[in-house]
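Novice:
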Amino acid sequence: MRRFLSFPFLLLFCIGCFEYEETILFRKANSGTVELAYIVPLKKDSTESLIKFLPTDRVTIENKIKSKSNVILVLKDFTFRELEKTEIFDPFFKRKGKVTYKIDFEDPSHLEGILLGNFAAKSKGKSISVKREFPNLTDAIIQESSVGEKKIITETSRLLKEGKIQFRVLFPKDSECTSTRGFIGLGNVLYTFPLQDTLENPETKSWEYKIRFF
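Here my numbering is used: the first residue of the sequence shown is 2, the next is one more, and so on.
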């Protein structure tokens, strides 16, 4: 299980209008597709993301996926667009971009090190067990940041209010599912993660779910 260090940075750019949505579709053979959509602030002189682990260019995303040896992941349907001024309601970041793409996978464990937080998946027979962990913002992470990043952290972390991340898990409707968090519906689990908790609660938040296919 690999730790994805972008998550703490992610929290700091959420000022009401932050958006991150993740949808994982599991199929009966344990393969599936994950779809990501997020909005990030851009640098003043380019369309490069200010959040290093949430890039806006396809090449960077592809290189990250290809860095996982002996794993078959397919990137598709990548899109990027810079938001219009009328779409931005943020006094600090005047330019933002929206990124969407999908990744096909043949085994859920291949997503380890790709998604936010810590992701671990195990398949056994006709069942899949997934554990997600979302670390808090810590002094250690701040110390690893650059001078510019530390300044952004100091100025924006206190403004965190209604930010959230939305996770959705889809699976065949005739499957069984249990989850420690979120709402379980027919063929889906929906979990909305309130980012304010990551600053107020010093403990790492965990989320586990299990799907049994028939």
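C-beta: ideal position from N, C-alpha, C; glycine also. Keep in mind it's a predicted model, so treat the numbers as computed, not measured.
Could you pull out every residue in the same chain whose Cβ sits closer than 7 Å to the Cβ of Arg-182, ignoring the five residues on either side in sequence?
Specialist: Around Arg-182: Tyr-192 and Trp-208.
Novice: Beta strand (DSSP E) containing Asn-119: first to last residue?
Specialist: 119 to 125
Novice: Thr-48: buried (16+ other C-beta within 10 angstroms of its C-beta) or exposed?
Specialist: exposed
Novice: Just to confirm, are Lys-95 and Arg-82 a CB contact at a threshold of 8 Å?
Specialist: no
Novice: For Pro-136 and Phe-215, I'd like the C-alpha separation in whole angstroms.
Specialist: 34 Å
Novice: Between the Cα of Ile-212 and the Cα atoms of Ile-185, Leu-187, Ser-176 and Pro-195, which residue gives the shortest distance?
Specialist: The residue among Ile-185, Leu-187, Ser-176 and Pro-195 with its C-alpha nearest the C-alpha of Ile-212 is Ser-176.
Novice: Assuming Pro-173 contacts Lys-29 (C-beta within less than 8 Å), just tell me the rounded distance between them.
Specialist: Right, the Cβ-Cβ distance comes to about 6 Å (below 8 Å), so this counts as a contact.
Novice: Answer yes if the region 103 to 113 comes into contact with the region 65 to 79, meaning at least three C-beta pairs across the two stretches below 8 Å, and no otherwise.
Specialist: The answer is yes - the region 103 to 113 touches the region 65 to 79, with three or more Cβ pairs under 8 Å.
Novice: I need the boundaries of the alpha helix (DSSP H) containing Thr-205, first residue and last residue.
Specialist: Counting along the chain, Thr-205 falls outside any alpha helix (DSSP H), and DSSP gives it neither H nor E.
Novice: Considering only residues of the same chain and omitting the five flanking positions on each side of Val-170, which have a CB-CB separation below 6 Å?
Specialist: Ile-25 and Val-190
Novice: Helix, strand or coil: which one does DSSP assign to Arg-59?
Specialist: helix
Novice: Determine the burial state of Gly-188: buried for a count of at least 16 other Cβ atoms within 10 Å of its Cβ, exposed for fewer.
Specialist: exposed
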